[in-house]
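Novice: Residues 0 to 317 in numbering that gives the first Met the number 0 are what the sequence shown spells out, letter by letter.
C-beta: ideal position from N, C-alpha, C; glycine also.
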Amino acid sequence: MSVIIFIDQTEGHIKKASFEAMSYGAAIAKQINVPAYGVLLGNVNDDIAALGKYGVSKIYHVTDEVYNHFDAQVYTKAIAEIATEAGATVVVCSHNQSGKAVAPRVSVKLKAGVVTGAISLPDTSNGFVVKKNVFSGKAFAFVSIDTAVKVISLIQNSYGVNTVEASAEVITKSVAATAKIKVTAVNKVSGEVPLTEADIVVSGGRGMKGGEHWGILEDLAKTLHAATACSRPVADSDWRPHHEHVGQTGIQVSPNLYIAIGISGAIQHLAGVNRSKTIVVINKDAEAPFFKVADYGIVGDAFEVVPKLTEAIKGLKA
Ligand SMILES: Cc1cc2nc3c(=O)[nH]c(=O)nc-3n(C[C@H](O)[C@H](O)[C@H](O)COP(=O)(O)OP(=O)(O)OC[C@H]3O[C@@H](n4cnc5c(N)ncnc54)[C@H](O)[C@@H]3O)c2cc1C
0 MSVIIFIDQT EGHIKKASFE AMSYGAAIAK QINVPAYGVL LGNVNDDIAA LGKYGVSKIY
60 HVTDEVYNHF DAQVYTKAIA EIATEAGATV VVCSHNQSGK AVAPRVSVKL KAGVVTGAIS
120 LPDTSNGFVV KKNVFSGKAF AFVSIDTAVK VISLIQNSYG VNTVEASAEV ITKSVAATAK
180 IKVTAVNKVS GEVPLTEADI VVSGGRGMKG GEHWGILEDL AKTLHAATAC SRPVADSDWR
240 PHHEHVGQTG IQVSPNLYIA IGISGAIQHL AGVNRSKTIV VINKDAEAPF FKVADYGIVG
300 DAFEVVPKLT EAIKGLKA
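This is the structure:
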């Protein structure tokens, strides 16, 4: 028996979210007294054995070329096969784009119960009960999984990263699969921190009054090495690209720091950001709903506050 954790990579680098997934999976393994193993698909430039510090004692590394780019179907096949081989009773992945795609598929293949979007360790004192957010983070659900194998996807930043002094045994494997999708080129948005991987997000709303004013947000983001994001009306008005739109109908982020500038804090926006560790709100209206969920707030005009904030941070860094 074991806990298997899907280690996600993109373009040869292991995604940060996987460090947390491994720590979480290792903690479950400890809880149920079984070892924790990782599954890494595709070739990476990172030191694989070093991932043992996140609590996995063994890593199955599948090196066939077909796994170098994410493909939900072939990834599912490999994860399910390795999980079966390793006698996994729990399969863990991050609740990111890849994890969301593979968790339900793996659960079907393994005839396993699945909880997507878990936010804490399962309660194994009487069964296997997993806590997750529901209703856009307005409530919790406690879901009992009764199947022999369980699949869980973990919301980023909800558990944390734990390290130990250890390295993992790496087992190189081949799992035959044929991709139905052929990736011929990868075009990345250049010069930016990817939004879903960002530690800090600087986000602007309609209070910025137009795309031409985004320079002050970009300066702040650059100073903080942050990603930029926006509210939906901003993307709808073409002030910013659609891939920056966060919220219920956009990207859901959970950075360590989310700075909301000129955003009112509508429920649909909050649904995409309320898992951020610390929220800072800058808004000229003291009654803006966003202040209710803010850890820190500045009531003021963004066009005055943001440049001063950027200068102050630059000063601190210097
Ligand atoms: C089905 C549905 C799905 C939706 N999905 C999403 C979603 O995914 N994401 C999303 O963001 N929205 C979504 N919306 C829209 C959402 O309801 C809000 O309309 C939207 O979030 C408001 O965007 P905003 O805060 O940028 O603009 P506004 O509500 O217009 O707020 C602008 C804010 O800027 C402040 N402000 C103005 N000038 C300044 C200044 N100079 N300095 C500082 N502050 C200033 C104002 O006080 C105000 O609080 C959805 C709506 C529906 C119906």
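At a cut-off of 7 Å, would you count D198 as near ligand 3, judging by its Cβ distance to the nearest heavy atom?
Specialist: Among the ligands present in this structure, namely ligand 1, ligand 3 is not found.
Novice: Are I3 and A82 closer than 8 Å when you measure CB to CB?
Specialist: yes
Novice: If you measure from each residue's Cβ to the nearest non-hydrogen atom of ligand 1, which ones come out under 5 Å, in chain order?
Specialist: G204, R205, G206, S230, R231, P232, G246, Q247, T248, G249, G261, I262, S263, A265, Q267, H268, N282, K283, D284, A287, D300, A301
Novice: Just to confirm the assignment, what range does the alpha helix (DSSP H) spanning E217 have?
Specialist: 214-223
Novice: Residue range of the alpha helix (DSSP H) that F141 falls in?
Specialist: It is not in any alpha helix (DSSP H) - F141 instead sits in the beta strand (DSSP E) that spans 138-143.
Novice: Alpha carbon to alpha carbon, what distance is there between V305 and I281?
Specialist: Rounded to whole angstroms, I281 to V305 spans 8 Å at the Cα level.
Novice: From N95 to V128, what distance separates their C-alpha atoms?
Specialist: The straight-line gap from Cα to Cα measures roughly 21 Å.
Novice: Output the boundary residues of the alpha helix (DSSP H) element that contains E303.
Specialist: 301-316
Novice: Bridge partners of K330, per DSSP?
Specialist: Residue 330 lies beyond the stretch modelled for the chain, which goes from 0 to 317, so this question has no answer here.
Novice: Grab me the residues of N273's own chain with a C-beta within less than 6 Å of its C-beta, minus the 5 sequence neighbours each way, in chain order.
Specialist: G136
Novice: For T146, tell me which candidate among P121, V89, M207 has the shortest Cα-Cα distance.
Specialist: V89
Novice: Does the Cβ-Cβ distance between G210 and I262 come in under 8 Å?
Specialist: no
Novice: What residues in its chain sit with their C-beta under 7 Å from that of D218, if we drop five residues either side in the sequence?
Specialist: The residues are T309.
Novice: Enumerated in chain order, which unbroken segments of the alpha helix (DSSP H) with a length of 4 residues or greater are wholly contained in the stretch 65-107?
Specialist: 71-84
Novice: Determine, using beta carbons only, whether I170 and Y23 come nearer to each other than 8 Å.
Specialist: Against a cut-off of 8 Å, the Cβ pair of Y23 and I170 comes out as no contact.
Novice: According to DSSP, T227 sits in a beta bridge with which residue or residues?
Specialist: Paired residues: V201.
Novice: Do G271 and V245 have their C-beta atoms closer together than 8 Å?
Specialist: yes
Novice: Go ahead and pull the three-state DSSP assignment for V174.
Specialist: coil
Novice: Can you tell which of R231, S275, Q267, S230 has its C-alpha closest to the C-alpha of A197?
Specialist: S275
Novice: For K130, list the residues DSSP reports as bridge partners.
Specialist: F141
Novice: Exposed or buried, which one is N186 when buried takes at least 16 other CB atoms within 10 Å?
Specialist: Under this definition N186 is an exposed residue.
Novice: From what residue to what residue does the beta strand (DSSP E) around K149 run?
Specialist: 149-153
Novice: Less than 6 Å between C-beta atoms, sequence neighbours within five positions excluded: which residues of the same chain meet that for F290?
Specialist: V280, G296.
Novice: Tell me which residue opens and which closes the alpha helix (DSSP H) that Y23 is part of.
Specialist: 15-31
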